[in-house]
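First residue of the sequence shown: 1, per the UniProt record's numbering; consecutive thereafter.
First comes the structure, then the notes that go with it.
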Amino acid sequence: MLNNISPFRPRSLCWLLLLTQVILIGAYATPAAKAVVDHDILKRQGHRTLYRKFPETYLGRVEKGRYLLGFLSQGSEEAQKHNGGVSVSSPYQDYSDLERWGWSQSASRYPFDSNLFGDAPIEPNFYGNWAVFKDPVLPVVKTDNIAFSSLNDMPFQESRGGPLVEPSNAIYENIINPTYGAIIYDSNWSPQHMVTDRNKGNIPHLNALSDIVFFQWLQACQLDKVDPKKLKVAYRLTIITRSTWDTIDLALKNANHELAPGWENRKVFTMKEDEGAAILGTSHGAGIAWLLIQHKHALGTKTIAEVAVWKDVGSPFYCLRFTIKDA
Numbered sequence: 001m002l003n004n005i006s007p008f009r010p011r012s013l014c015w016l017l018l019l020t021q022v023i024l025i026g027a028y029a030t031p032a033a034k035a036v037v038d039h040d041i042l043k044r045q046g047h048r049t050l051y052r053k054f055p056e057t058y059l060g061r062v063e064k065g066r067y068l069l070g071f072l073s074q075g076s077e078e079a080q081k082h083n084g085g086v087s088v089s090s091p092y093q094d095y096s097d098l099e100r101w102g103w104s105q106s107a108s109r110y111p112f113d114s115n116l117f118g119d120a121p122i123e124p125n126f127y128g129n130w131a132v133f134k135d136p137v138l139p140v141v142k143t144d145n146i147a148f149s150s151l152n153d154m155p156f157q158e159s160r161g162g163p164l165v166e167p168s169n170a171i172y173e174n175i176i177n178p179t180y181g182a183i184i185y186d187s188n189w190s191p192q193h194m195v196t197d198r199n200k201g202n203i204p205h206l207n208a209l210s211d212i213v214f215f216q217w218l219q220a221c222q223l224d225k226v227d228p229k230k231l232k233v234a235y236r237l238t239i240i241t242r243s244t245w246d247t248i249d250l251a252l253k254n255a256n257h258e259l260a261p262g263w264e265n266r267k268v269f270t271m272k273e274d275e276g277a278a279i280l281g282t283s284h285g286a287g288i289a290w291l292l293i294q295h296k297h298a299l300g301t302k303t304i305a306e307v308a309v310w311k312d313v314g315s316p317f318y319c320l321r322f323t324i325k326d327a
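What follows is the structure, encoded as structure tokens:
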């Protein structure tokens, strides 16, 4: 499995492996990287829901972030009017959609030594600086964490009644904590990336990370008997995407802030600032925005208030924390 880093490997080796992946992605997989950045918008265009496209530049990401914030602040009907009369809701709202498009799910509670359902226990991949999760403003207690794995490993029909086709073997693995209203994005490899990388398999119509995370969140809330509208915070950790790095670098430079702030010296941008909007306009921010925009019925009308930027001690990779609130 790609990017499956055992927590028992030395940290230096893990960072070396991830840096190697960044170099390889930048040098050899440009089409796949672009697919990961654009797939949310492109997929929804394929479902007759049209959204604007933006330049792959810093200013383009600022504009995209502002565009997403417009949808976030609106209820479903208002957002539909803003979108030219076309619904902003995802076509995927029912669990049956997962099986229909070849997705299997597994889940495991902390300490991740047995499964709630699925085939095998799941170990999280990320190295979390747990001081981050002890922030009294937005605490996340790890003993309440549930690890989810969604794997596109079952043959599916591209059209009803059609032949079964080979799945993509994409995998979306994340930590869900309904008790504290948190989603921790862990290791996510899209169908577009996997099909391009392996030159085999097929991309299911249900392919967006935002939709799969929605089902993970909803299922975890049902397990813990928590209202899905209690979502408060989303983390993107150990970011290896070059375009997101570049956007964060420029945002920090524009704010006259050091380029490698630790957690204690983290930089927080509100969404009223261009820097915050630019980070929201990256693939890592936009995926969270689409989760909220396209699942308003279950999650309520939410917006993103701010984003915190930092790097863990000894890590070359940026981390992001998006604070979510009622619009």
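Ideal Cβ positions, reconstructed from N, Cα and C, are used throughout, including at glycine.
Predicted, not measured: the structure shown is a model, and the values here were computed from it.
Excluding the 5 residues preceding and the 5 following residue i in the sequence, name in chain order all residues of the same chain whose CB lies nearer than 7 angstroms to its CB.
i      : result
Val140 : Phe133, Asn177, Tyr180 and Ala182
His295 : Ser90 and Phe214
Val165 : Pro155, Phe156, Glu158 and Asn202
Asp224 : Pro178 and Thr179
Asn145 : Tyr110, Ile175 and Asn177
My guess is that residue i and residue j are in contact by the Cβ rule of under 8 angstroms, so how many angstroms apart are they, rounded?
i      : j      : result
Thr301 : Gly75  : 5 angstroms
Arg266 : Ala308 : 5 angstroms
Gly287 : Leu209 : 5 angstroms
Tyr185 : Arg236 : 5 angstroms
Trp103 : Ser150 : 5 angstroms
Tyr58  : Leu250 : 5 angstroms
Gln80  : Ser87  : 5 angstroms
Asn129 : Pro191 : Not a contact, Cβ separation roughly 31 angstroms.
Lys232 : Leu320 : Not confirmed; about 15 angstroms, so no contact.
Can you list, in chain order, the residues of its chain whose CB lies under 6 angstroms from that of residue i, leaving out five sequence neighbours each side?
i      : result
Glu306 : Val268, Thr270 and Thr323
Met194 : Ser168, Asn169 and Ala170
Thr241 : none
His257 : Lys267
Ala255 : Glu275
Cys221 : Pro178 and Pro228
Asp38  : Only weak support exists for where Asp38 lies, its pLDDT of 36 falling under 50; the coordinates are left without a value.
Gly116 : Residue identity differs from the one stated: residue 116 is Leu in this sequence, not Gly. So the qualifying residues of the chain are Ala107.
Based on the DSSP output, what are the partners of residue i in its beta bridges?
i      : result
Leu151 : Ser104 and Ile171
Thr303 : Lys325
Phe156 : Val165
Val268 : Ala308
Asn115 : Ser108
Trp189 : Ile171
Asn177 : Ala182
Cys319 : Trp310
Tyr235 : Ile184 and Arg321
Ile146 : Arg109 and Ile176
Exposed or buried, residue i, counting other C-beta atoms within 10 Å across all chains shown (16 or more means buried)?
i      : result
Trp101 : buried
Ala33  : At Ala33 the pLDDT is 30, less than 50, meaning the model places this residue with poor confidence and gives no usable figure here.
Tyr318 : buried
Asp227 : exposed
Asp274 : buried
Trp197 : Residue 197 is actually Asp in this sequence, not Trp. It is buried - the Cβ of Asp197 has at least 16 other Cβ atoms within 10 Å.
Asn188 : buried
Ser114 : exposed
Thr247 : buried
Leu206 : buried
Pro163 : exposed
Leu259 : exposed
Ala277 : buried
Thr143 : exposed
Lys253 : exposed
Lys200 : exposed
Pro124 : buried
If you drop the 5 nearest sequence neighbours on each side, which residues of the same chain put their C-beta closer than 8 angstroms to that of residue i?
i      : result
Asp326 : Gly300, Thr301, Lys302 and Thr303
Gly84  : Leu50
His297 : Ser76, Ser89 and Gln93
Ile122 : Ser106, Ala107, Ser108, Phe112, Asn115, Ala147, Phe148, Ser149 and Glu173
Ala120 : Ser106
Arg160 : none
Comparing the CB of residue i with every heavy atom of the ligand HEM, is any distance shorter than 8 angstroms?
i      : result
Ala308 : Among the components modelled here there is no ligand, and therefore nothing to report on the ligand HEM.
| query | Okay, do the stretch 109 to 118 and the stretch 64 to 72 touch, 3+ Cβ pairs below 8 angstroms being the bar? | reply | no
| request: Would you check if there are 3 or more beta carbon pairs closer than 8 angstroms linking the stretch 85 to 99 to the stretch 308 to 320? | output: no
| message | Does the contact criterion of 3 or more C-beta pairs under 8 angstroms hold for the stretch 203 to 218 versus the stretch 280 to 295? | response | yes
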